[in-house]
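Notes follow once the structure below has been shown.
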Amino acid sequence: MSDISGVALDKAVAKLQEIVPNAGRIETKITDVSKEADVKAMVEHVDSWGGVDVLFNNAGIMHGDDADAVETPEQIWDLTQAINVKGVWFGSKHAVLSLRKHGKKKGSIINTASVVALVGSATPQLAYTASKGAVLALTRELAMVHAREGFRFNALCPAPLNTPLLQDWLGDDQAKRHRREVHFPTGRFGEAIEQAQAVLFLASDESSFVNGTDFVVDGGMTRCYTTPDGPPTDPPKSLLTK
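If you number the sequence shown the way our numbering does, the last residue is 403 and the count never jumps.
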C-alpha cells in the first residue's frame, strides 16, 4: 500500500490487521504520485514479491477551492491534474515496465475516474471533472495499446462515496450536501466497500475479458433525472407569436 501520508498508511495497516488478523506480510511506501521518481520507487519496491500483478491507481484530490470556469484558481487546476492525471500515467507506465521486467503475460491496472467524467456535475468542480475525463481517455488508450501484451486497463467510475475526502469537501454546507444526495435513487452516498468489491472483480481473473471499460459503480445515479440549481434561462422568442 502507498499513500502520501504516513499517518494514513499506519491507519490503513491497523484496519487491515483488524479485519484480516492473519494477513501476514504487509508493506507500505510513502509516495507522492505527482512525482515520477516516487512512483518508480513504489513499483520497484515490490520486485522482491515478483513484481506487479495488479495496480490500483486510486490516489486523488478534490480541492475545496475547485469551482467554475471563473473562480477555479490556476494553482488548484495544476495541482489537481498533477495528482489525478499524471499520477495515473506514472502508475500505469511503471506497472507496464514492471510487468515486462518480470516476464508477466497478464496484469490488471485499475484507474479511478468518476461518474462526473460521464455526466456533468451540478456542483462546480471544474478541475476535478476535467481530470477524471482525462483518466477515462487515458485508460481507453492504454487498454488498446497494451492489450496484446495481456495487460488490462479499466477505469472505475464511482459515484460520490462516503469517505473523509468527500465529507471534508462538503463540510457543513447543507445546500451543497443536498445537491449531491438528490442525485441518488437510493437517497444515500455509496460506501467504500461497494467500490472495493468492484475493484476486486477487476483485479481478478474473473474479469479476464473486461478491458478498456468505464466500470460504473453509482447506485443508478447516472440513470437518474435531476436538474441543476438556480433560476431557469429565458427561452428563445417564437416567430409564431407576436
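We put the beta carbon where it would ideally sit given N, CA and C, even for glycine.
Computed from a predicted structure; not experimentally measured.
- If the five residues before and after Leu299 are omitted, its C-beta is found closer than 8 Å to the C-beta atoms of Val246, Val249, Trp250, Ser253, Asn272, all from its own chain and listed in chain order.
- Beyond the five residues adjoining it in sequence on each side, Gly294 comes within less than 7 Å, by CB distance, of Ala278 in the same chain, given in chain order.
- Taking the Cα of Lys266 as reference, the smallest distance to any Cα among Gly311, Glu179, Met223 is reached at Gly311.
- Under the three-state reduction of DSSP output, Ala316 falls in the strand class.
- For the 9 Å CB-CB criterion, Glu205 and Ser259 form a contact.
- Phe217: member of the beta strand (DSSP E) spanning 215-218, first to last residue.
- Comparing C-alpha distances from Pro285 to each of Ser275, Ala230, Asn218 shows the shortest one belongs to Ala230.
- If you check the CB distance, Asn315 and Phe370 do not come in under 9 Å.
- In the structure shown, Phe376 adopts extended strand secondary structure according to DSSP, grouped into three states.
- Cβ neighbours of Val194 within its own chain (closer than 7 Å, five residues either side excluded): Val200, Ala220, Ile244, Gly248, Phe251, Gly252.
- Residue nearest to Arg301 within the set Tyr289, Leu317, Gln335 is Leu317 (criterion: CA-CA distance).
- Secondary structure within the segment 225-259: the alpha helix (DSSP H) runs of 4 or more consecutive residues, fully enclosed, are 235-242 (chain order).
- For Lys265, DSSP records no beta bridge to any residue.
- The beta carbon of Gly373 sits closer than 6 Å to the beta carbons of Arg301, Ala304 from its chain, once the five residues preceding and following it are set aside; these are given in chain order.
- Judged by beta-carbon spacing, Asp208 lies beyond the 9 Å limit of Lys172, meaning their Cβ atoms are not closer than that value.
- Contact annotation: Val378 and Glu342 have beta-carbon atoms that are not nearer than 9 Å.
- Taking 4 residues as the minimum length, the alpha helix (DSSP H) runs contained wholly in the segment 270-306 are 287-306, in order along the chain.
- Assignment of Ser166 by DSSP, reduced to helix, strand and coil, places it in the coil class.
- In this structure, DSSP gives Lys337 a helical state, which the three-state scheme calls helix.
- Straight-line measurement puts the Cα of Thr241 at about 18 Å from the Cα of Pro319.
- Here the alpha carbon of Glu232 sits roughly 43 Å from the alpha carbon of Gln178.
- Residue environment for Asn218: buried (at least 16 other C-beta atoms within 10 angstroms of its C-beta).
- Just measuring C-alpha positions, the residue of Ala291, Leu322, Leu297 sitting nearest His344 is Leu322.
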